[in-house]
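Asker: Residue numbers (the numbering used here): 41 to 408.
Just passing along the structure, written as structure tokens.
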Ligand SMILES: NC(=O)c1ccc[n+]([C@@H]2O[C@H](COP(=O)([O-])OP(=O)(O)OC[C@H]3O[C@@H](n4cnc5c(N)ncnc54)[C@H](OP(=O)(O)O)[C@@H]3O)[C@@H](O)[C@H]2O)c1
């Protein structure tokens with residue numbers, strides 16, 4: 041273990057997203073996991089006992105004997121990443137930020153606050169400028185909160201961003217087909233979802249409609265200014281383990297040929313690629329031309345689960361273009377999104393091995 045690594049605490053470490061964090065951080069060159077936290081059901085137990093591992097491959101050895109702690113400060117780490125349920129996330133995350141920890145959250149509780157970045161590093165790294173105001177207004181010292189969007193929203197926004205940058209977007213209609221792992225574990229009962237489609241995912245439609253406009257909008261003096269287009273979303277739970285698919289119709293402000301649209305998507309590169317961040321995919325958006333792609337089983341792991349795949353790109357008889365975009369909901373849509381956010385914060389000097397409160401620094405001195 042390198043002594044310069046940023047020490048990470050995972051809140052909600054036993055859940056579907058928490059397990060992805062543990063898996064993705066196992067061999068990370070810049071981060072090491074030093075604390076795990078979950079509910080009182082798990083607290084005080086070794087991780088191997090508290091957590092039933094539900095991902096392919098074994099539970100990483102480093103985590104097995106770590107004792108699960110309450111998701112409250114102090115934790116022995118420089119930064120916390122959070123995959124707590126939204127009803128408990130706000131209080132816990134604000135407590136960590138107040139105590140001096142940078143907080144990088146997956147939960148929805150703080151996403152739409154006017155002083156909180158809703159970050160996708162490819163799209164809106166300039167929104168990090170709001171952190172100074174957040175610290176001042178909330179009286180945080182070394183702590184702050186950065187969030188990543190809802191899983192379906194991230195996947196769709198990555199395909200919309202290059203189109204909005206090149207041609208402007210006037211309207212979006214989106215229809216999702218979302219995997220069961222998006223509901224956490226045990227999530228949707230099997231007797232509800234096998235041989236079935238459920239046309240309701242609580243809170244998902246308003247999240248896609250509002251978060252997309254914040255992400256693709258700009259940061260004003262005292263608040264975020266939403267992107268000036270309407271988004272209409274309908275969300276469905278389908279019988280797929282991992283991988284959310286979104287069928288999108290888009291109306292553009294400027295005329296564009298289908299070749300220009302394809303080229304804008306396929307050539308999209310941005311800040312994480314320029315900075316060569318560890319978790320950044322080479323191609324954030326892959327474009328496939330087969331009749332029957334993308335498919336969850338075949339395409340969710342593209343780019344290590346960090347690329348989204350666009351297919352079925354055609355002119356649309358009502359709007360200008362339509363396409364299908366697919367991404368891995370617990371990787372690009374959750375844990376991988378937060379880790380990429382952490383890598384960007386580190387590259388910007390906003391996250392270091394000395395981030396976090398005094399108590400964490402003292403803990404580090406003891407450990408090293
Ligand atoms: N799954 C996805 O694709 C996805 C994508 C994007 C964002 N998210 C968001 O990420 C968060 C976690 O989702 P998930 O799918 O990982 O859920 P999950 O599998 O249900 O895991 C929830 C985690 O939170 C802990 N927890 C539950 N109640 C708690 C409480 N009262 N106090 C403290 N800890 C508590 C659980 O610990 P125990 O094991 O001890 O109960 C577990 O570690 C949610 O906010 C979700 O909206 C999920």
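The beta-carbon is built from N, C-alpha and C at its ideal position, and this holds for glycine as well.
Keep in mind that this is a model prediction, so the values were computed, not measured.
Please identify the residue among 296, 284 and 328 whose C-alpha is closest to the C-alpha of residue 368.
Answerer: Counting from one through the chain shown, the residue named residue 368 turns up at place 328. Among 296, 284 and 328, the Cα nearest to that of residue 368 belongs to 284.
Asker: Reducing DSSP to helix, strand and coil, say where residue 178 ends up.
Answerer: The residue you call residue 178 lines up with position 138 of the chain shown. Looking at residue 178 - three-state DSSP - the assignment turns out to be helix.
Asker: Do you know whose CA, among 271, 242 and 240, lies nearest residue 255's CA?
Answerer: Taking the first residue of the chain shown as 1, we reach residue 255 at position 215. Ranking 271, 242 and 240 by Cα distance to residue 255 puts 271 first.
Asker: Exposed or buried, residue 125, counting other C-beta atoms within 10 Å across all chains shown (16 or more means buried)?
Answerer: Your numbering for residue 125 matches position 85 in the chain shown. The residue in question, residue 125, is exposed, as its Cβ has fewer than 16 Cβ neighbours within 10 Å.
Asker: Return yes when the Cβ of residue 223 is within less than 9 Å of the Cβ of residue 304, no when it is not.
Answerer: On the chain shown, residue 304 is found 264 positions in, with the first residue counted as 1. On the chain shown, residue 223 is found 183 positions in, with the first residue counted as 1. Cβ distance not < 9 Å, so residue 304 and residue 223 don't count as in contact.
Asker: Is the distance from the Cβ of residue 286 to the Cβ of residue 361 below 9 Å?
Answerer: Position 246 of the chain shown, counted from the first residue, corresponds to residue 286. Position 321 of the chain shown, counted from the first residue, corresponds to residue 361. Not closer than 9 Å, so no.
Asker: Could you tell me the boundaries of the beta strand (DSSP E) in which residue 210 lies?
Answerer: Translated into the one-based positions of the chain shown, residue 210 becomes position 170. 209 to 217 is the extent of the beta strand (DSSP E) around residue 210.
Asker: Closer than 6 Å by C-beta to residue 385: which residues in its own chain qualify, once you throw out the five before and the five after it? Chain order, please.
Answerer: As a first step, residue 385 must be located in the chain shown, where it is residue number 345. Closer than 6 Å at Cβ, skipping near neighbours: 391.
Asker: If you draw a straight line from the alpha carbon of residue 164 to that of residue 229, how long is it in whole angstroms?
Answerer: Position 124 of the chain shown, counting from 1, holds the residue named residue 164. Position 189 of the chain shown, counting from 1, holds the residue named residue 229. If I take the Cα positions, the gap works out to 37 Å.
Asker: Note down the Cα distance separating residue 371 from residue 297, rounded to an integer number of angstroms.
Answerer: Along the chain shown, read from residue 1 onward, the residue named residue 371 stands at position 331. Along the chain shown, read from residue 1 onward, the residue named residue 297 stands at position 257. Taking the straight line from one Cα to the other gives about 32 Å.
Asker: I need the DSSP call for residue 66, collapsed to helix, strand or coil.
Answerer: On the chain shown, position 26 is the one that residue 66 refers to. Here residue 66 sits in coil by DSSP.
Asker: Suppose the cutoff is 6 Å on Cβ atoms and the five residues either side in sequence are ignored; what does the same chain contact list for residue 407 look like?
Answerer: Translated into the one-based positions of the chain shown, residue 407 becomes position 367. Because the pLDDT of residue 407 is 46, which lies under 50, any placement of that residue in the model is unreliable, and the question is left without a value.
Asker: Taking only three categories from DSSP, how would you classify residue 359?
Answerer: Here the question's residue 359 lines up with position 319 in the chain shown. If DSSP states are grouped into helix, strand and coil, residue 359 belongs with coil.
Asker: Suppose the cutoff is 8 Å on Cβ atoms and the five residues either side in sequence are ignored; what does the same chain contact list for residue 235 look like?
Answerer: The residue you call residue 235 lines up with position 195 of the chain shown. Cβ within range, chain order: 279.
Asker: If residue 115 sits next to residue 203, beta carbons under 8 Å apart, how far is it from one beta carbon to the other, in whole angstroms?
Answerer: Residue numbering aside, residue 115 sits at position 75 when the chain shown is read from its first letter. Residue numbering aside, residue 203 sits at position 163 when the chain shown is read from its first letter. Incorrect: roughly 41 Å between the Cβ atoms, too far for contact.
Asker: Less than 8 Å between C-beta atoms, sequence neighbours within five positions excluded: which residues of the same chain meet that for residue 174?
Answerer: Locating residue 174 in the chain shown gives position 134, counting from the first residue. Cβ within range, chain order: 155, 156, 180, 184 and 185.
Asker: What first and last residue would you give for the beta strand (DSSP E) that runs through residue 121?
Answerer: As a working note, residue 121 is residue 81 in the chain shown. Per DSSP, residue 121 belongs to the beta strand (DSSP E) from 119 to 122.
Asker: List the residues that DSSP assigns as beta-bridge partners of residue 86.
Answerer: Along the chain shown, one-based indexing puts residue 86 at 46. Answer is 107.
Asker: Should residue 49 go down as buried or exposed, given a rule of 16 or more other Cβ atoms within 10 Å for buried?
Answerer: Taking the first residue of the chain shown as 1, we reach residue 49 at position 9. Burial call: buried.
Asker: Have a look at residue 212 and residue 193 and give me their C-alpha separation to the nearest angstrom.
Answerer: Position 172 of the chain shown, counted from the first residue, corresponds to residue 212. Position 153 of the chain shown, counted from the first residue, corresponds to residue 193. Cα-Cα distance, rounded: 12 Å.
Asker: Can you round the beta-carbon distance between residue 142 and residue 381 to whole angstroms, since I take them to be within the 8 Å contact cut?
Answerer: On the chain shown, residue 142 is found 102 positions in, with the first residue counted as 1. On the chain shown, residue 381 is found 341 positions in, with the first residue counted as 1. The pair is not a contact, with the Cβ atoms about 10 Å apart (cut-off 8 Å).
Asker: Residue 388: beta carbon under 8 Å from a heavy atom of ligand 1?
Answerer: Translated into positions along the chain shown, residue 388 becomes position 348. The answer is no for residue 388.
Asker: Near residue 140, what residues of its chain come up, given a Cβ to Cβ distance below 7 Å and the 5 sequence neighbours on each side ignored?
Answerer: As a position in the chain shown, residue 140 is number 100, starting the count at 1. The residues are 181, 182, 183, 396 and 397.
Asker: If you draw a straight line from the alpha carbon of residue 150 to that of residue 252, how long is it in whole angstroms?
Answerer: Translated into the one-based positions of the chain shown, residue 150 becomes position 110. Translated into the one-based positions of the chain shown, residue 252 becomes position 212. Answer to the nearest angstrom: the Cα atoms are 15 Å apart.
Asker: Compute the beta-carbon to beta-carbon distance between residue 57 and residue 78, rounded to the nearest angstrom, for a pair I have assumed lies under 8 Å.
Answerer: The residue labelled residue 57 in the question sits at position 17 within the chain shown. The residue labelled residue 78 in the question sits at position 38 within the chain shown. The pair is not a contact, with the Cβ atoms about 12 Å apart (cut-off 8 Å).
Asker: Hey, could you find the ends of the alpha helix (DSSP H) residue 298 is sitting in?
Answerer: Looking up residue 298 in the chain shown gives position 258. That run of the alpha helix (DSSP H) goes 298 to 306.
Asker: So, with DSSP's three-state summary, where would you put residue 130?
Answerer: As a position in the chain shown, residue 130 is number 90, starting the count at 1. The answer is helix: DSSP assigns residue 130 an H, G or I state.
Asker: Which word fits residue 72, buried or exposed, when buried means at least 16 other C-beta atoms lie within 10 angstroms of its C-beta?
Answerer: Position 32 of the chain shown, counted from the start, is the residue given in the question as residue 72. Label assigned to residue 72: buried.
Asker: Rounded to a whole number of angstroms, what is the C-alpha to C-alpha distance between residue 320 and residue 121?
Answerer: Taking the chain shown and counting its residues from 1, the one referred to as residue 320 is at position 280. Taking the chain shown and counting its residues from 1, the one referred to as residue 121 is at position 81. The straight-line gap from Cα to Cα measures roughly 18 Å.
Asker: Distance, Cα to Cα, residue 365 vs residue 66?
Answerer: Position 325 of the chain shown, counted from the first residue, corresponds to residue 365. Position 26 of the chain shown, counted from the first residue, corresponds to residue 66. The alpha-carbon atoms of residue 365 and residue 66 are separated by roughly 29 Å.
Asker: Is residue 279 near ligand 1, in the sense that its beta carbon is under 8 Å from a heavy atom of that ligand?
Answerer: On the chain shown, residue 279 is found 239 positions in, with the first residue counted as 1. Residue 279 Cβ: outside cutoff for every heavy atom of ligand 1.
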